[in-house]
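So the sequence shown is residues -25 to -1, 1 to 496, counted in mature numbering (1 follows the signal peptide of the UniProt record, and there is no 0). Cβ coordinates follow ideal geometry from the N, Cα and C atoms, glycine included. What follows is a short report on a single structure.
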Amino acid sequence: MSEWVRRVSAAVAAGALGVSLAACGEPDDNAPHPGEQTPKLMLLRLATTDAISSLDPAGKYDVGSRTVQANLYQTLLTILPDKPTPVPDAADCQFDSPTTYTCSLKEHLTFPNGHELTSSDVKFSFDRLVRLKTPGGAAALFSSVKSVSTPDELTAVFNLTSPDARLPYLLTTTASSIVDEESYPANKLLDTKAMGSGPYQLAAYKPGTEVTLTKFSGYRGPRAAQNDGVTISLMKDSNALYQAVTTGKADLAFHGFGPSLLDKLRKSDQVQVVEAGSAEIRLFAFQMKSLLARKPAVRRAVAQLIDRPAIAKKAYGDHVSPLYSVVPPGYGGQADAFKMEYKQPNKVAAAAILKEANIAVPVPLTVGWTPSQYGVGAKAEVLELKRQLEASGLFRVTLRGAEWPQYQELTKSGAYDMYQAGWTPSYPDADDYLTPFVTDIPFQNGYRSAAATKLLQQERTEQNGLKRDELIGQLQGVIAREAPAIPSWQARVAVVATKDLENLKTALDPLSFLYLSGLRR
């Protein structure tokens, strides 16, 4: 029997069984009893300024799209709010060898259309992601996967070209969502429709305007919906977002509030504001094409002087958190390496570093910044940095600003000794914060370190979790000592909601999208 015929037969059989039970007069416990009112559906309304580019997980990997995809589709593994490591969603997975990762699917998984979810769908989903290679998509994340094999309907085996300890974390991303192979074309995207096995199913979609999700009762995983559905309305700006949540047009609002509006909402007795650490970080990177930046003593002296709490307060009104490692808190192996290496800001210690290297002071330092990519606080941030460095008497700082396209070229060409930079990872693992600095992609600042490269390779292939965390900690220590980049702050992600809405904290994902299934009144 063909796969298609088998699936349709199963769906028909299930439907026939339901009809026969009803015909036999079996009571329906979910039906309202005589005299009782039908329970009112718990339907929520979300407002956001995010744009949604695609409902297809093989499409662009942007935040707005991920919020929808994370709720429509199921992944093999997921990361829950109280667990830093992946846990089963559609499957239980393990390494059978350093290059063989086997996932055993739960039995009786289905899509909303009644089709069974099998290992064939898993293979199709990954093969399709890699085949399409959508610009702005996430296919490159799975470069270590040589193939996916399906020894039986409930087993999917990832065959790797080389050991990759990141794979369990990659399998939690929306890029690894499982789609129904009978509903998706193999060679093109399906941007405006969706068929996944997540907590919700797609009820309606008006591109650029609104998405309506309804609860999928057939979902079998740890994120079962506690509400009956969510309508996501796309707002044009922060003022529209503010109006929606304060006038009762939305139950919660997300992404788009500036610091002043958030402060205003915090003082309101109409709403609640819940914040959590975001995956986005900001830092100052050194460009090794600069002769000055190549000197470790210069980099270390700057690292010894920078006062992060002052930057967070003066430039961002404490709406960001001081950051002491290129890996923010909450990730396995994270260590506040810069705090351990440099303790508190100290101009005497910084002067000693420069003196030992025979570097005359004040050191002339050119710092690049851009207003268009990094927001209204970017200028205030570099002004505070300049103030701190020059107050020590050890540096003379020249600030040079440029709009984003030109800024990107100038940072690569070596026009700045040090420049403002930001990073948001693609997958929830410390590795994606470390790789950009060690491999020089995408920062292209010319940093090379044999010690850092060795540790990066070791942590990627180490399958013992505790040993891997130790290697990740050591690698952060190397980056702190050599200071190719100095972390400044970690962003916060905030959601504003009516007073009666529960479980907001667990809805916030560090990668800046929302899991909606836990929300309830």
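Collapsing the DSSP output to three states places L409 in a helix. Sequence-distant partners of Q245 (beyond 5 residues in either direction) whose C-beta falls short of 8 Å from its own C-beta, in its chain, are T221, T473, K474. The straight-line gap separating the alpha-carbon atoms of L369 and A285 is approximately 19 Å. Shortest Cα-Cα distance from K121 to any of T109, G112, G111, L142 involves L142.
By the neighbour-count criterion, in which 16 or more other beta carbons inside 10 Å mark a residue as buried, S192 falls on the exposed side.
For G252, the CB contacts under 7 Å within the same chain, skipping 5 residues up- and downstream, are S296, P303, P304, G305, Q465, R467, P485 in chain order. Judged by DSSP secondary structure, K270 falls outside any beta strand (DSSP E); it is assigned neither H nor E. A distance below 8 Å separates the beta carbons of L164 and D31.
Secondary structure note for D71: it is in no alpha helix (DSSP H), and the uninterrupted beta strand (DSSP E) holding it is 66 to 72. Per DSSP, reduced to three states, the secondary structure at K35 is coil, with no helix or strand assignment. Going by DSSP, L360 is part of the alpha helix (DSSP H) stretching over 352 to 366. Contact between V338 and L329 holds: their C-beta atoms lie close to 7 Å from each other, under 8 Å.
In its chain, beyond the 5 residues on either side, S300, V302, P303, A405, I447, G448, Q451 have a beta carbon closer than 8 Å to the beta carbon of Q309. Within the DSSP bridge table, the entry for A469 names E250 as partners. V62 sits in a strand when the DSSP states are folded into three classes.
Restricting attention to beta strand (DSSP E) runs no shorter than 3 residues, the region 117 to 145 encloses them at 120 to 127, 130 to 135, ordered along the chain. Around the CB of P138, 16 or more other CB atoms lie within 10 Å, so the residue is classed as buried. When DSSP states are grouped into helix, strand and coil, P462 belongs to the strand group.
Residue state for Y159 is assigned as coil, using DSSP reduced to three classes. Counting the other CB atoms within 10 Å of its CB gives W379 a total below 16, which places it among the exposed residues. Boundaries of the alpha helix (DSSP H) around L385: 379 to 388.
Counting along the chain, Y422 sits inside no beta strand (DSSP E), nor does DSSP assign it H or E at all.
Pairing L385 with R257, the inter-Cα distance amounts to about 18 Å. Taking a cut-off of 8 Å on C-beta distances, the region 40 to 58 touches the region 157 to 175, as three or more cross pairs fall below it. Within its own chain, the residues whose Cβ lies closer than 7 Å to the Cβ of L55, once the five positions on either side in sequence are excluded, are V62, P197, listed in chain order. According to the DSSP secondary-structure assignment, Q395 is paired through a beta bridge with F259. Rounded to the nearest whole angstrom, the CA to CA distance from F133 to D102 is 11 Å. Straight-line spacing of the CA atoms in V453 and A426 works out to 7 Å. Ranked by how close their Cα comes to the Cα of G231, the residues Q262, L21, R456 have L21 in first place.
Classified as buried, K98 has 16 or more neighbouring CB atoms from the shown chains inside 10 Å of its CB.
When rounded, the separation of the alpha-carbon atoms in K387 and W344 is 13 Å.
Shown here for R443: same chain residues with a beta carbon closer than 8 Å to its own, the five before and five after excluded, namely A140, G307, G308, E434, E437 in chain order. The beta-carbon separation of V205 and L188, rounded to 5 Å, stays under the 8 Å limit for a contact.
Distances from the CA of N214 to each of T23, L84, H90 were compared; the closest alpha carbon is that of T23. Residue E91 holds the alpha-carbon nearest to the alpha-carbon of R195 among E91, T148, T149.
In the DSSP assignment, A22 falls within the beta strand (DSSP E) that extends over 18 to 23.
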